[in-house]
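Numbering of the sequence shown is given in the numbering used here, commencing with residue 18 and proceeding in unit increments. Structure record follows, encoded as structure tokens.
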Amino acid sequence: MTDKKLVLTTAGSKEEARKIARALVERRLAACVNVVPQIESVYRWEEKVEEAQEWLLVIKTMGSAYERVRDAIKELHSYEVPECICISIENGSPDYLKWIADSVNKTSTFPAAFKIPDGDDGEGEPSPPA
Numbered sequence: 018m019t020d021k022k023l024v025l026t027t028a029g030s031k032e033e034a035r036k037i038a039r040a041l042v043e044r045r046l047a048a049c050v051n052v053v054p055q056i057e058s059v060y061r062w063e064e065k066v067e068e069a070q071e072w073l074l075v076i077k078t079m080g081s082a083y084e085r086v087r088d089a090i091k092e093l094h095s096y097e098v099p100e101c102i103c104i105s106i107e108n109g110s111p112d113y114l115k116w117i118a119d120s121v122n123k124t125s126t127f128p129a130a131f132k133i134p135d136g137d138d139g140e141g142e143p144s145p146p147a
């Protein structure tokens with residue numbers, strides 16, 4: 018088991034999906050966000066069964082960044098209750114998993130109160146001095 022995560026959310030338009038994806042990567046909260054176009058969702062909302070075309074976002078991140086990812090999705094999303102589901106990555110290519118960790122790091126541009134403390138590379142041990 019790794020500390021890398023996939024976070025899933027959906028958006029109601031291509032523009033909104035791109036806005037959320039770009040913000041997460043620019044803030045270094047995600048290494049990559051795949052935007053999967055035009056999925057069909059069937060769901061219950063306010064006691065009615067609804068259908069909608071949505072865009073699925075597959076967000077690659079670290080467990081240590083999940084709460085910040087969740088908060089950013091809430092901030093940026095137009096839905097009253099946006100989907101935000103976190104799935105653990107069991108295993109994967111070591112180079113790819115390292116790239117995720119290197120891309121989601123302490124230099125996040127999310128508000129200072131949410132930054133990872135210096136010396137924490139998201140791997141659970143302090144980083145060696147530069």
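Ideal Cβ placement from N, Cα and C applies to all residues, glycine included.
Query: So, with DSSP's three-state summary, where would you put L114?; Result: helix
Query: Just to check my reading of the structure: D69 and G29 have Cβ atoms closer than 8 Å, yes? What is that Cβ distance to the nearest angstrom?; Result: The sequence as given places Ala at residue 69; Asp does not occur at that position. With a Cβ gap of about 7 Å, A69 and G29 count as contacting.
Query: So, helix, strand or coil for S30, using DSSP?; Result: coil
Query: Considering Y60, what are the terminal residues of the beta strand (DSSP E) in which it resides?; Result: 49-62
Query: Since E67 sits in a beta bridge, which residues does DSSP pair it with?; Result: Y60
Query: Can you tell me whether S95 is helix, strand or coil according to DSSP?; Result: coil
Query: Could you check if V24 is buried or exposed, using at least 16 other CB atoms within 10 Å of its CB as the buried criterion?; Result: buried
Query: Any contact between the region 97-109 and the region 47-57? By contact I mean 3 or more CB pairs, one from each, below 8 Å.; Result: no
Query: Whole angstroms are fine: how far does the CA of A38 sit from the CA of S81?; Result: 18 Å
Query: Applying the 10 Å Cβ sphere with the 16-neighbour rule, what's the burial state of E63?; Result: exposed
Query: How is L41 classed by DSSP in three states: helix, strand or coil?; Result: helix
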